[in-house]
Each structure stands twice: as C-alpha cells, then as structure tokens.
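**Q** Quick one: this structure, given as structure tokens, is what I'll be asking you about.
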Amino acid sequence: MRGSGDRSAWNERLFEAMMEDEGQDPFYTQFYEQPTSSSSRMTDEEYRQYMVSGMNSRKRGRHAVFQDELDQEEEAQRKEEKKRKKQQEKEEKERQQRIFDQLQGLRKEKEDQDHSKAYNAYQTQWQQVEAGTHKNVPWPKASSAAELRPFLVRTDLSRDENRKRVRLEQKRYHPDKFMHRVTHLAAKEQTRLVKRATELSSWLNDLWSELS
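Residues in the sequence shown are numbered from 99 upward in steps of one, following the numbering used here.
Structure (structure tokens):
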C-alpha cells in the first residue's frame with residue numbers, strides 16, 4: 099500500500115485526468131477530497147475503481163438530465179409543428195371557403211341578371227298582348243314551382259313589391275280570365291293552354307302564400 103503522500107499525489111493526478119475528461123465542473127470536486135478513514139484503507143486499485151465508479155455515476159446522471167432536456171425540446175417541437183399544421187389547415191380551409199363564396203356570389207349574380215333579362219322580355223310580350231298587337235300569350239321562364247320563384251321574386255325588392263309582381267301574374271293566369279285570351283284558338287289548343295294556365299295559377303297561389 100502506498101504512503102499517505104504518494105496516495106495524495108496519485109489522487110491528485112487521477113482527479114486532474116477526470117477533470118480533463120469531464121471539464122472543470124464543480125460537480126466533480128467532491129471526489130477530490132482527502133482520504134477518509136474508509137478510503138485510506140483501500141488499495142490503489144480499489145481506490146481507483148472507487149473514483150472511476152463515482153465519475154461514471156455522475157456521467158450517467160448528467161446524461162439522464164441531458165436526455166430529459168432533449169426529450170422535452172423534441173416534444174415542444176412536435177407540439178409546435180402540430181400547431182403550425184393546424185393553423186395552415188385552418189387558413190387553407192378559410193381560403194377555399196372564400197373562393198367558394200366568391201364563385202357562389204358570381205353565379206348568383208349571373209342568375210339574377212339572366213332572370214332579370216328574361217323577366218323584362220316577358221313583360222314586354224305581355225304589354226304587346228294587352229295592347230292587342232300580339233296574340234300569343236307569353237309564359238314565365240319556369241317549368242316548375244321551384245323555378246318560378248327566382249323568376250318572379252327578387253332579393254333586392256321588398257316583400258310588398260314582390261307580392262305585387264306575383265299578384266299581377268295571378269290575375270293574368272286565372273283560369274276564367276285566361277280562357278278569354280285563347281278563344282281564337284282551336285278547341286284542343288284552348289284546352290291544353292287552359293290546363294297549363296291552371297297549373298301555373300296553382301304555383302302562383304303557393305308563392306303568394308309564402309310571401310304573405
């Protein structure tokens with residue numbers, strides 16, 4: 099067994115080697131102490147193993163702390179990436195909705211223009227019929243009750259104004275009154291047109307009820 103002086107010198111060299119390996123960290127200074135009564139009874143090899151074991155234990159502890167910090171950082175990055183993707187998806191959904199709304203608006207505007215143009219032409223024909231310059235009765239551009247509504251009812255008009263438009267058509271296509279407009283036609287054609295006027299009159303009555 100080495101003497102106390104040799105032991106101290108040897109411990110100092112071992113500690114310096116540890117410090118070079120680990121960096122000068124006060125964390126390790128506890129290993130460089132004067133030998134205790136227990137350590138003074140160790141052989142050089144036992145003491146070396148004791149010091150190395152302590153060093154390895156500290157290294158494992160520091161590695162665990164480092165790994166924990168790394169895991170936390172990676173978890174934070176995953177959460178941030180998930181949040182970023184969610185925000186991107188939200189923005190993309192909003193962008194697509196804006197495009198859809200714009201297209202819907204353009205389509206609605208085009209439909210309104212088409213209905214307005216058709217309605218104006220229809221009214222011009224009726225004016226000619228009522229003035230006696232034209233005998234053929236015009237019909238609304240609608241083949242069903244669902245199509246009749248957008249032809250007559252405009253969203254930019256008040257309810258009362260739309261009701262007046264519907265009321266005018268009710269008077270024109272009332273079966274009894276309409277019969278007088280087709281008396282110049284053959285009986286078979288009269289029957290066909292009166293039947294059509296009766297169906298249209300029913301649609302107009304339903305539309306009137308909706309606006310009431």
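For glycine and all other residues, C-beta sits at the position ideal for the given N, C-alpha and C.
Which one of R252, S242, S307 and D258 has the shortest CA to CA distance from A295?
**A** S242
**Q** By the DSSP assignment, the alpha helix (DSSP H) with W301 in it spans what residues?
**A** A285 to L309
**Q** Helix, strand or coil: which one does DSSP assign to P273?
**A** DSSP places P273 in the helix class (H, G or I) of the three-state scheme.
**Q** When DSSP labels each residue in this structure, what does G203 get in the three-state scheme?
**A** Note: G203 maps to helix in three-state DSSP.
**Q** Alpha carbon to alpha carbon, how far is Q175 from D212? Give it in angstroms, no decimals.
**A** 55 Å
**Q** How would you write the range of the alpha helix (DSSP H) that P248 sits in, first residue to last?
**A** Start and end: A243 to L250.
**Q** In angstroms with no decimal places, state the Cα-to-Cα distance between R315 and E172.
**A** Past the boundaries of the shown model lies residue 315; the chain is included only from 99 to 310, so the question cannot be answered.
**Q** Does the structure place the stretch 182-196 close enough to the stretch 227-236 that three or more beta carbon pairs sit under 8 Å?
**A** no
**Q** For a test of the three-state rule: what should DSSP assign to A216, helix, strand or coil?
**A** helix
**Q** According to DSSP, is M140 helix, strand or coil?
**A** coil
**Q** Quick check: the Cα distance between Q266 and P248, rounded to an integer number of angstroms?
**A** A small fix is needed here, since residue 266 is Leu in this sequence, not Gln. If I take the Cα positions, the gap works out to 16 Å.
**Q** With distances taken from CA atoms, which of L250, N260 and I197 is nearest A219?
**A** L250
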